[in-house]
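Trainee: Numbering (my numbering), first residue to last: 6 to 164.
Just so it is clear, CB atoms sit at the ideal spot from N, CA and C, and this is done for glycine as well.
Since the model is a prediction, treat every value here as computed from it, not as a measurement.
I have a structure here, written as structure tokens, and I will follow up with some questions on it.
Written out as structure tokens, the structure reads:
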């Protein structure tokens, strides 16, 4: 009888520990999600040249060869940030963060022809790491339900 009580307590403790571990994993995923977005946005806030390149691309403006190179690398970093966040959110089962990661890319891709072209050119490589993410972004682009979504440019307060 004592053995059964002891086993029941062990099972109860294990369930509690697993629940606590899941909560901590979710909290870590949320923190990492926010940190990665802040890091990416920080590169635009701290570097006027990169911000200018991003806005020029957003407005489908002309870019020099070096600006195109910088934009390509900025885009890869941009696409990989929500892709990684998507993977973490899926792992911990946070559907809100999953949607946020997808919508973030959809909003930018649909904002300009240049961003759409960049998405199409990086589509394959992003899909190697996360085919589900690519499918969800593509679905978001084709459905176009973006009434509540704003791009990075639109988040900026107007002077």
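Under 8 Å: do the segment 85-92 and the segment 104-121 share three or more Cβ pairs, one atom per stretch?
Mentor: They touch, by the three-pair rule.
Trainee: Can the beta-carbon of residue 62 be found closer than 7 Å to that of residue 119?
Mentor: Cβ atoms of residue 62 and residue 119: closer than 7 Å.
Trainee: My output table needs one value for residue 162: the three-state DSSP class, helix, strand or coil.
Mentor: Summary for residue 162: the model assigns pLDDT 45, below 50, so the residue's position carries little reliability; its value from the coordinates is reported in the next sentence. Here residue 162 sits in coil by DSSP.
Trainee: Identify whether residue 240 lies in helix, strand or coil by the three-state DSSP scheme.
Mentor: What is shown of the chain runs 6 to 164, which leaves residue 240 out entirely.
Trainee: In chain order, what residues of the same chain have a beta carbon less than 8 Å from the beta carbon of residue 115, not counting five sequence neighbours either side?
Mentor: Only 121, 146, 149 and 151 meet the Cβ criterion.
Trainee: Could you give the DSSP three-state label for residue 144: helix, strand or coil?
Mentor: Here residue 144 sits in helix by DSSP.
Trainee: Once DSSP output is grouped into helix, strand and coil, what is the label at residue 106?
Mentor: Here residue 106 sits in helix by DSSP.
Trainee: Could you check where the alpha helix (DSSP H) with residue 57 kicks off and where it finishes?
Mentor: Start and end: 53-63.
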